[in-house]
Amino acid sequence: MDKFKFEILTPNGEIFNDEAVSVVLPGKEGEFGVLAGHASLTTLLEAGVVDVEKEDKSVESIVIDWGVAQVSEDKVVILVEGAAPIRGTNEDEIAKALENVRKLINDVADSSTAIASVSAKIESATQRLI
Amino acid sequence: MANLKDIQRQIKSVSNTQKTTRAMKLVSTAKLRRAEELAKRSRLYAQKMNQVIAEIAGRIKCSKVGGLDNRYFQKIENPKMVDIVFVTADKGLCGGFNIQTIKAVNKLLKEYKEKNVKVRLRGIGKKGIEFFHYNEVEMLDTVVSLSSKPDKERSDDFVMTSIADYKDGKIDALHIVYNGYKNMITQELHVNTILPVDTEAFDCDKIRSSSMLEIEAEDEEKMLGSLVEKYINYNMYYSLIDSVAAEHSARMQAMDTATNNAKEMVKNLNVEFNKARQAAITTELIEIISGVESMK
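Chains as they are written, first to last, in the working numbering: chain A, 94 to 223; chain B, 207 to 502.
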């Protein structure tokens, strides 16, 4: 399958820079998926979960609080204010990652429905890890 | 020939100064490393952010997307009131670091004065504030201790006033003047025009082929607004980070030069001291010999 470069930049540096097969981004108008060769576009993102499918079929989830996505045919760059990956190899690490994520989401999402929908997604991402 | 005691005292005082400057240099080197790291990490984000904004601005200019007449992107002819934000250090002893920024601000002030444009000066950093106070230049507001410890929240609060006034049409432009970090030994002065977003440099032909802009039509205005706000906030914050890194590199250099100068001075004083001592010995010897001679 075709792959493309995917980068997540925060004010404190890069938190993700790798090849991806597909990504799902939380756009303002709803979620959208991007595959290699996607038409160029620039759009705003809102608080939510970014799912990145890598070459080896593994999926990584990263929670963001706000963002701008710049999609071009062979590269996707998203600029975010804050981001927290949901990853870890044991329960302790996962718990810690989840705590960071909750903090990030509670800071930004102003409506409780937004928090709820994001929380649900976080939940399923965590399930995948365990 | 100076008194031996005097020279000794001078040597001691100069070498004490040398110790101080060397310590200050070491402190600055350590702080620089941290500040540089932070600036480096943020630079990528700042560049991308500017690129995104430039692209949007360019597209608005070229295609007038949905008849957008967003104030952020409009070039304003004959501005009446502009904001100048300057960033200097809170502390001195860093060579020409602060004075360069002050000079740039003065130049800008003069230019606007000639055009009969009113300027609101907003200061960050004690040294610049002191200078303009002393010269009785009026400032809208001033903030200290922000330039030595950049803080996103405080910087957002500070620049928000300008953004709000720009939106209301109270001011027609916003400039940020600061001395930025280039490498260990050079600083680079930046005079950035943050508002209105510069669309001049953008080539229309290029964008049409490159990409499209997807923004929900209903609240275009609002969304672009929020994006531009983030852009300005981040630019302000990045100016602060860059300025701290530059401050430490400037101080490190100034202190290095001072240490070397002190070393040189001690060396010269030592030569002088030895000469004086030799002269004293010679005089004493002559006295003894002539005493012996006269007794014969």
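From the three backbone atoms N, C-alpha and C, an ideal C-beta is built for every residue, glycine too.
Query: Label B:Gly302 either buried or exposed according to how many other C-beta atoms from any shown protein chain fall within 10 Å of its C-beta, with 16 as the threshold for buried.; Result: exposed
Query: Entirely within the segment 442-494 of chain B and at least 3 residues each: give me those beta strand (DSSP E) ranges in chain order.; Result: none
Query: Along the beta strand (DSSP E) that carries B:Asn398, what are the first and last residues, could you check?; Result: 392-401
Query: Given a threshold of 16 other Cβ atoms within 10 Å of its Cβ, counted over all protein chains shown, does A:Arg180 qualify as buried or as exposed?; Result: exposed
Query: With A:Ile157 and A:Phe109 assumed to form a contact (beta carbons below 8 Å), what rounded beta-carbon distance in angstroms separates them?; Result: Between A:Phe109 and A:Ile157 the Cβ distance is about 10 Å, and since that is not below 8 Å, they are no contact.
Query: Within the chosen definition, does the segment 446-459 of chain B reach the segment 259-266 of chain B through at least 3 CB pairs nearer than 8 Å?; Result: no
Query: Please confirm if the segment 320-332 of chain B is in contact with the segment 285-305 of chain B, defined as three or more CB-CB distances below 8 Å between the two stretches.; Result: yes
Query: Please report how far the alpha carbon of A:Leu172 lies from the alpha carbon of A:Ser217, in whole angstroms.; Result: 24 Å
Query: Go ahead and pull the three-state DSSP assignment for B:Thr367.; Result: helix
Query: Given A:Lys147, which residues of its chain have a CB within under 8 Å of its CB, disregarding the five upstream and five downstream residues?; Result: Asp111, Glu112, Ala113, Val114, Glu153
Query: Which chain B residues are close to A:Gly130, counting only those with a beta carbon under 7 Å from its beta carbon?; Result: Those within 7 Å of A:Gly130 in chain B number zero; the least Cβ separation is about 14 Å.
Query: Which whole-angstrom value describes the C-beta separation of A:Pro119 and A:Val145, a residue pair presumed to lie in contact below a C-beta threshold of 8 Å?; Result: About 13 Å separates the two Cβ atoms, so there is no contact after all.
Query: Inspect the beta-carbon positions of B:Val293 and B:Ser455 and report whether they are closer than 7 Å.; Result: no
Query: Does DSSP put B:Ser328 in a helix, a strand or coil?; Result: For the sequence presented, residue 328 of chain B should be read as Arg rather than Ser. The answer is strand: DSSP assigns B:Arg328 an E or B state.
Query: So what's A:Ala190 in DSSP terms, helix, strand or just coil?; Result: helix
Query: Could you tell me the alpha carbon to alpha carbon distance between B:Tyr384 and A:Glu174, rounded to whole angstroms?; Result: 24 Å
Query: Between the segment 363-380 of chain B and the segment 217-228 of chain B, can you find at least three pairs of beta-carbon atoms closer than 8 Å?; Result: no
Query: What residues match up with A:Asn110 in a beta bridge as DSSP calls it?; Result: A:Glu100
Query: Sorted by chain position, which residues of the same chain lie with C-beta nearer than 6 Å to B:Ser415's C-beta, five sequence neighbours on each side aside?; Result: Any reading at B:Ser415 is ruled out, since the residue's pLDDT is 48, under 50, leaving its predicted position unreliable.
Query: Looking at the secondary structure, which residues open and close the beta strand (DSSP E) in which B:Val323 lies?; Result: Careful: B:Val323 lies outside any beta strand (DSSP E) and carries neither H nor E.
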